[in-house]
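A.B. asks: With mature numbering (1 follows the signal peptide of the UniProt record, and there is no 0) applied, the sequence shown covers -15 to -1, 1 to 115.
Note that the Cβ used here is the ideal one computed from N, Cα and C, for glycine as well.
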Amino acid sequence: MKSFAVLAAATLAAASPIAKREAGGILLCTGANATGTCNHSVYPLDTCVNITTPFLGNTNTFAPDGEAFACYPYGMPCGGICTSPEGCTLGAIDFDYEHKYNLSAVSWAGVASFRCFTKTTTTTVETEEQ
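#1: What's the C-alpha gap between S26 and P70?
#2: Can you tell me whether C67 is buried or exposed? The criterion is at least 16 other CB atoms within 10 Å of its CB, across all chains shown.
#3: Could you pull out every residue in the same chain whose Cβ sits closer than 8 Å to the Cβ of F54, ignoring the five residues on either side in sequence?
#4: With DSSP collapsed to three states, give me the class of V34.
#5: Taking 8 Å as the cut-off, decide whether the C-beta atoms of C14 and N45 are in contact.
#6: What did DSSP end up calling L75 once you bin it into helix, strand or coil?
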């Protein structure tokens, strides 16, 4: 009877729903290829986030998790004015971005802030002309 109770408890535990992981998780590291000082946190979407030390101006790994979101890293703090003739963002970085584990390969380790957003898929429906 005792083994039945243990088996029943194990079955109920296995049947519990798995919580969905929150979008917005990013691994930041001072070194390339997830080396040096690292921190993984979930950040709010659609909100500018200022990077703090030791990552401020020294982020070589900027690796978003695999959910449907991307982030724009900026070379200035939130609310700052972009004065760079080349622009103040690298462009959107998502899970599939080639250099997410080595931003120094594209000369972008000097990140000061970022803003993440939900990616949406657009479906285009073409209609035939009669």
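C.D. replies: Checking against the coordinates, here is how it stands:
#1: Along the sequence shown, one-based indexing puts residue 26 at 41. Along the sequence shown, one-based indexing puts residue 70 at 85. When rounded, the distance between both Cα atoms is 32 Å.
#2: The residue given as residue 67 occupies position 82 in the sequence shown. It is exposed - the Cβ of C67 has fewer than 16 other Cβ atoms within 10 Å.
#3: Within the sequence shown, numbered from 1, the residue matching residue 54 stands at position 69. These residues qualify, in order along the chain: A8, G9, L30, D79, C101, F102, T103, K104.
#4: Along the sequence shown, one-based indexing puts residue 34 at 49. Strand.
#5: Looking up residue 14 in the sequence shown gives position 29. Looking up residue 45 in the sequence shown gives position 60. For C14 and N45, yes; Cβs fall inside 8 Å.
#6: Numbered from 1 along the sequence shown, position 90 holds the residue referred to as residue 75. Looking at L75 - three-state DSSP - the assignment turns out to be coil, as it is neither helix nor strand.
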